[in-house]
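In order, the protein sequences belong to chains B and C.
Going left to right, the first sequence walks through residues 456 to 696 as my numbering numbers them.
Going left to right, the second sequence walks through residues 456 to 696 as my numbering numbers them.
Comments concern the structure below.
2 protein chains.
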Amino acid sequence: MSAHTAIAAAQPNRFVPGYLAATMPQSVGGMPKAQRSPAADPLATIAQVKVIDREQSIFAEGDAADAIFRIVDGVIRLYKLLPDGRRQIIGFLQAGDMVGLAFAERYLYSAETVTACTVQRISRSQLDALLDAQPSLARKLLSVTTSELVAAQDQMLLLGRKTALEKLASFLLALSRRTDGNRAIALPMSRSDIADYLGLTTETVSRGFTKLKTSRLIRILDGGKVELLDHDALADLADCA
Amino acid sequence: MSAHTAIAAAQPNRFVPGYLAATMPQSVGGMPKAQRSPAADPLATIAQVKVIDREQSIFAEGDAADAIFRIVDGVIRLYKLLPDGRRQIIGFLQAGDMVGLAFAERYLYSAETVTACTVQRISRSQLDALLDAQPSLARKLLSVTTSELVAAQDQMLLLGRKTALEKLASFLLALSRRTDGNRAIALPMSRSDIADYLGLTTETVSRGFTKLKTSRLIRILDGGKVELLDHDALADLADCA
DNA sequence: CGAGGGTTTGAAGCAGCTCAAATGGAGTGG
DNA sequence: CCACTCCATTTGAGCTGCTTCAAACCCTCG
């Protein structure tokens, strides 16, 4: 079982339309897989399933936005680039998340797999038809999009005002929240992915991990997993200094 | 006529539900005021109008979120605070924008007037009733919320990966876009507001303005206005280095 | 005209970056 | 099973862009 599967398994049926920003800090109600009836998921019936290798592009910023994707398994990163190559990762997406711009001609960011992924592809026209046929869907999507906006605002606070160590602590806690508060969390993405998500360099991320390790706040486990040894201390770090 | 009125007049009927993030980089279609029929604005009929002084609180992070607000005139800032007082401004809002969390118990950020403002207050229960009565409203709100998310993602790129001067150039261009691309733009907010929006200090913002002035890219006008002398050069700065 | 606030400018410090090298771990082939 | 390669990660050392601290400037308003 690969690392990302562990994340995916704990992930409830999150549903994210349009732009998907930083999904990390979003708190989600836990609902066991068994309770999800297929009837409640009209998208599944029209989706086309694709399996994609790790580190592959799904679409790039500027491509015609003719489809949206829902992640069934695996981890995906969304990012924007500056002309000189500087990269900002907008979010890491997991099982249940949806990707793709709902109301624009072209994708405004790029999407790549971090791990091997299974995704559902839903064409734009099919989604539009579904929205027409089922007006309640829009309200549901509105609710989830609003949550995404909340997450994006948390990330703005992080990027604009937190120190490197505070950013790292926030990141780890957000991951922990996504996996139902588990102490051990999977980190399928590289240091450089984390750096580009937090507005840092890989070296600074690495030094931060070292500092958290020597402070006994975290412990590195096998398979790229991290154990949060002192949740409260990390929370203090994350919220402030 | 106060400075903010100039911004407001150029502002079409933007409509922003739920969390309102950085609205700056959002491009909006221009529609003259005369074409807006009151019938197309069901919110206006149930809204309670309030006039608020400059530098006043509208609501604070953590307050019960029992109403949303639509700005009729003036400029408002939304921000989040860290426990030690560091502030990140999430966005500046203007006429047409809506503020207030649609699907949470409490506001997740604070809102304050920058200039004197006129706002419409719509209670949460009234909005919910309106959404039930008029399902198409949800889809419209979804569209606009998605635009907000796009703006938030642009701001993440700015905060995480741009230099001080690039941030300033981006900010000025975004303001210019909001006022239909006018060369002269109003800056009703203080240096410290701008700093907290761009993840900088007031001193760095001030030095940036000075550098843009001596480079002949901008010119300071009366009444806190700024004229963009070289739009293209600013655009080069904003997108990259 | 004087007080009070925001803004600008100056000088010094430092958090995080850059450049560089060492370490380590996973995959590959002998 | 080991040797080797490759590349991500870690560590080190110096640098720099932004911050911090401080003071001067300047506008507005009473």
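No residue lacks a Cβ here, since even glycine has one placed at the ideal position from N, Cα and C.
Quiz prompt | Option nearest I513 (chain C) by Cα separation, candidates C:P538, C:L548, C:D496, C:L537 | solution = C:L548
Quiz prompt | Chain-order list of residues whose beta-carbon lies under 8 Å from that of L585 (chain B) (same chain, five-residue window excluded) | solution = Here the set comprises P497, L498, I501, L592.
Quiz item: Roughly how many angstroms separate the alpha carbons of L623 (chain B) and F664 (chain B), rounded to a whole number?
Solution: Distance from the CA of L623 (chain B) to the CA of F664 (chain B), rounded to the nearest whole angstrom, comes to 8 Å.
Quiz item: Going by DSSP, which residues form a beta bridge with E682 (chain B)?
Solution: B:A639, B:R674
Exercise. Kindly give me the distance between the Cβ atoms of L597 (chain C) and R616 (chain B), rounded to whole angstroms, as I take these residues to be in contact under 8 Å.
Key: Between R616 (chain B) and L597 (chain C) the Cβ distance is about 30 Å, and since that is not below 8 Å, they are no contact.
Exercise. Compare the C-alpha of R638 (chain B) against each of B:V605, B:R646, B:K680, B:A607 and name the closest.
Key: B:K680
Quiz item: Comparing the C-beta of I531 (chain B) with each C-beta of chain C, is any distance below 7 Å?
Solution: Output row for I531 (chain B): interface = no.
Quiz item: Which residues, in order along the region 604–627 of chain B, keep a beta-carbon less than 7 Å from a beta-carbon of chain C?
Solution: Against chain C - using a Cβ distance shorter than 7 Å - the residues of the region 604–627 of chain B are L604, V605, A607, Q608, Q610, M611, L612, L614, G615, R616.
Quiz item: When DSSP labels each residue in this structure, what does G615 (chain C) get in the three-state scheme?
Solution: helix
Quiz item: Among all the DSSP beta bridges, which residues are the ones paired with V504 (chain C)?
Solution: C:Q575
Practice problem: Whole angstroms is fine: what's the gap from Q511 (chain C)'s alpha carbon to E567 (chain C)'s? | Solution: 5 Å
Exercise. Using a Cβ cut-off of 7 Å, pull out every chain C residue sitting near G654 (chain B), in sequence order please.
Key: L614, G615, R616
Quiz item: Which value, in whole angstroms, describes the spacing of the CA atoms of L653 (chain B) and A588 (chain C)?
Solution: 42 Å
Quiz item: Which residues does DSSP pair with Q543 (chain C) in a beta bridge?
Solution: C:K535
Self-check item: Exposed unless 16 or more other CB atoms sit within 10 angstroms - verdict on S580 (chain B)
Solution: exposed
Quiz item: Just the Cα atoms here: how many angstroms apart are K668 (chain C) and L683 (chain C)?
Solution: 10 Å
Quiz prompt | Euclidean distance between Cα positions of P590 (chain B) and S565 (chain B) | solution = 29 Å
Self-check item: Cβ shell of L689 (chain B) (< 7 Å), same chain only, five flanking positions each side left out
Solution: Here L689 (chain B) has A624, L627, L628, L672, L683 as same chain residues with Cβ atoms under 7 Å from its own Cβ, once five neighbours each way along the sequence are excluded.
Quiz item: Using a Cβ-Cβ cut-off of 6 Å (strictly less than) and excluding sequence neighbours within five positions of V660 (chain C), which residues of its own chain qualify?
Solution: R646, I649, A650
Quiz item: When the Cα atoms are used, what is the spatial distance from L620 (chain C) to E516 (chain B)?
Solution: 25 Å
Quiz prompt | 6 Å CB neighbourhood of Q503 (chain C) in its chain, flanking five on each side removed | solution = R576
Practice problem: Would you mind giving the Cβ-Cβ distance between I545 (chain B) and Y534 (chain B), rounded to the nearest angstrom? I have them listed as a contact below 8 Å. | Solution: Contact between I545 (chain B) and Y534 (chain B) holds, with the beta-carbon distance rounding to 6 Å and staying under 8 Å.
Quiz item: If you drop the 5 nearest sequence neighbours on each side, which residues of the same chain put their C-beta closer than 6 Å to that of D691 (chain C)?
Solution: Nothing meets the Cβ criterion.
Quiz item: At least one CB of chain C closer than 7 Å to the CB of P538 (chain B): is that the case?
Solution: yes
Self-check item: Segment limits, alpha helix (DSSP H) that includes S512 (chain C)
Solution: Careful: S512 (chain C) lies outside any alpha helix (DSSP H), inside the beta strand (DSSP E) at 512–514.
Quiz item: From C555 (chain C) to L613 (chain B), what does the alpha carbon distance come to, in whole angstroms?
Solution: The displayed chain sequence assigns Gly, not Cys, to residue 555 (chain C). Whole-angstrom Cα-Cα distance: 21 Å.
Quiz prompt | Interface partners of L596 (chain C) on chain B, CB under 7 Å | solution = L597
Practice problem: With 7 Å as the threshold, decide whether the Cβ of F524 (chain C) is near any Cβ in chain B. | Solution: no
Quiz item: Between C:A606, C:V506, C:R541, C:H686, which lies nearest to Q618 (chain B) when the distance is taken from Cα to Cα?
Solution: Residue identity differs from the one stated: residue 618 (chain B) is Thr in this sequence, not Gln. Of the listed residues, the one whose Cα sits closest to T618 (chain B) is C:R541.
Quiz prompt | Cβ-based neighbour list, T657 (chain C), same chain, cut-off 7 Å, excluding 5 preceding and 5 following | solution = R646, S647, A650
Quiz item: What is the residue span of the alpha helix (DSSP H) that S645 (chain B) lies within?
Solution: S645 (chain B) -> no alpha helix (DSSP H), and no H or E assigned at all.
Quiz item: How many angstroms separate the CA atom of V599 (chain B) from the CA atom of A641 (chain B)?
Solution: 25 Å
Practice problem: Return the chain-ordered list of same chain residues with a C-beta closer than 8 Å to the C-beta of H686 (chain C), the five sequence neighbours on each side being excluded. | Solution: L628, S631, R638
Practice problem: Report the three-state DSSP secondary structure of R491 (chain B) (helix, strand or coil). | Solution: Bear in mind that a pLDDT of 46 at R491 (chain B), under 50, signals an unreliable position, so the number given afterwards is only what the model happens to contain. Looking at R491 (chain B) - three-state DSSP - the assignment turns out to be coil, as it is neither helix nor strand.
Practice problem: Return the Cβ separation of V527 (chain C) and A559 (chain C) in integer angstroms, given the expectation that the two are a contact with Cβ distance under 8 Å. | Solution: Wrong, their Cβ atoms sit about 24 Å apart, outside the cutoff.
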